[in-house]
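**Q**
Number of protein chains: 2
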Amino acid sequence: MQQPTEKEIIDEFIQICQGHLLKITPQRVAIYKELLISDKHPTADAIYQAVKKEYPNISFDTVNRTLLKFAEIGLLEVVEIFGGAKRFDTDVRNHHHLHCMRCGKIQDFMHGGYDNLAVPEDIHNYFQVKRKRVVLKGICKACSK
Amino acid sequence: MQQPTEKEIIDEFIQICQGHLLKITPQRVAIYKELLISDKHPTADAIYQAVKKEYPNISFDTVNRTLLKFAEIGLLEVVEIFGGAKRFDTDVRNHHHLHCMRCGKIQDFMHGGYDNLAVPEDIHNYFQVKRKRVVLKGICKACSK
DNA sequence: CTTTTTGCAAAGCGTTTGCATTGAA
DNA sequence: TTCAATGCAAACGCTTTGCAAAAAG
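Shown next, in the form of C-alpha cells:
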C-alpha cells in the first residue's frame, strides 16, 4: 500500500474523533499534526511550545487536556517514567524501552523476539493485558562516561 | 540458610551505609526498617506517615532525601510510573509488573520465563543493561467493572 | 440551540532548594 | 572538631480545577 497522504491521515483522525463523539477543533487538529512530526516521547509542554508557533493563542491547558483525551481514546499512550513531567508515546506499534537509571531518558528499540512473549496463564484471571513491553533498565552511553 | 534475624538485617544495612560513607542516623535506620515491612511500591509520603508514628519529629524532607539516597546506592529502586508521586521498589529481586492503564496501580508478578530473556546483541553497543523487566499494560480487575 | 471545548487564573500536589542547627564520626 | 544530615520554610514545576466565553454540531 502507498504511503498515506497528509489529508488521508487527517481524515482518519477526524473519523476517530467522531467515533468517540469528540468535536473537531482547529486546536485538536494542530496538536495532532504536531504529534505526527514530534519527538518520540514529548512532554505536554514540548507540544505546547511547538503548536504555539502556529496558534499563538492556544493555552497550555488545551494542549494538556487534549493529550490526555487522545490517550483516553487510544490515539497515543502515556509512557512509564521515573518521575518528572508526563511523557506521551505517539508510536502505538509494538516496541520496547531502554530506561537510563541515571538521567531518566527513554529510548525505543524494536525486537521481534520480544513482541510475541507468552503471557502466563494465571494472569488472565485477574488482569486484562492490552500491551506487552520489555523494559531494560541500565545506563545509557552518555551517562556511562 | 536460616532466615536472617532483624539484627543481622540491620547490621548489613549499616555495613552498606558505611561502604558508601553514609552516616548511620536513627532516622535512616527507622526508614529502612519501615521499608522492610511496607507495601511493595510505597510513595515517599507513605513512608513518612508510617515512620512519623515512631519519630513524630521527622520531616518529610528527610524521608524523601533518604529514599533518594538509598536509590543512589542501590538499596531500592525508583519505579516506572505513569505520573503522580514517585514510587519506590524495595524488592530488588527479579520481578515483573502489571500496569493498570486506568488507575495507574502497579502489581508485581514473578515469572521465571521472563527472567532469562536474552538481550539483543547490538544493544550492548550503546546501553549497559542492569535489569530486565517485562511490563504488561492493561486493565486491572477493579477497573474492568 | 445545545453541549463541548477553550482560555484563563487559581489551587493543588509533589519535589527540590537554601540555610541555620544538630549530631555522627 | 569536622562535615554530613536534619528540619523548616519557601520556591518551584507540573497537573488539575472552576468558570465564563466561544465555537462545533
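Protein sequences, first through last, are from chains L and A. Just so we're aligned: 52 in this note's numbering is position 49 of the first sequence, and the numbers increase by one with no gaps anywhere. Just so we're aligned: 14 in this note's numbering is position 11 of the second sequence, and the numbers increase by one with no gaps anywhere. C-beta atoms are modelled at their ideal positions from N, C-alpha and C, and glycine is treated no differently. What you are looking at is a predicted structure, and each value in this text was computed from that prediction instead of being measured.
If you draw a straight line from the alpha carbon of residue 59/A to that of residue 148/L, how long is it in whole angstroms?
**A** For residue 59/A and residue 148/L, the distance between alpha carbons rounds to 42 Å.
**Q** Counting pairs of Cβ atoms below 8 Å between the stretch 67–77 of chain A and the stretch 47–57 of chain L, do you hit three or more?
**A** no
**Q** Determine the burial state of residue 106/L: buried for a count of at least 16 other Cβ atoms within 10 Å of its Cβ, exposed for fewer.
**A** Per the 10 Å Cβ criterion, exposed.
**Q** Measure the C-alpha to C-alpha separation of residue 51/A and residue 15/L and round it to an integer number of angstroms.
**A** 49 Å
**Q** Which value, in whole angstroms, describes the spacing of the CA atoms of residue 93/L and residue 104/L?
**A** Between the alpha carbons of residue 93/L and residue 104/L lies a distance of about 23 Å.
**Q** Okay, do the stretch 123–130 of chain A and the stretch 81–101 of chain A touch, 3+ Cβ pairs below 8 Å being the bar?
**A** no
**Q** Give the secondary structure of residue 107/A by DSSP, where H, G and I count as helix, E and B as strand, and everything else as coil.
**A** coil
**Q** Can you list, in chain order, the residues of the stretch 120–140 of chain L whose Cβ is nearer than 7 Å to any Cβ on chain A?
**A** Cβ proximity to chain A below 7 Å picks out 120, 122, 123, 126, 129, 130, 131, 132, 133, 134, 135, 136, 137, 138, 139 and 140 from the stretch 120–140 of chain L.
**Q** Going straight from the alpha carbon of residue 66/L to that of residue 47/L, what length do you get?
**A** 7 Å
**Q** So is residue 34/L buried or exposed if we call it buried at 16+ other beta carbons inside 10 Å?
**A** buried
**Q** For residue 146/L, which option in 36/A, 131/A, 29/A and 25/A has the closest C-alpha, if you only look at C-alpha atoms?
**A** 131/A
**Q** If you measure between the beta carbons of residue 140/A and residue 89/L, is that distance less than 8 Å?
**A** no
**Q** Any idea what DSSP makes of residue 57/L, helix, strand or coil?
**A** coil
**Q** Against chain L, with Cβ distances strictly below 8 Å, would residue 20/A count as a contact?
**A** no
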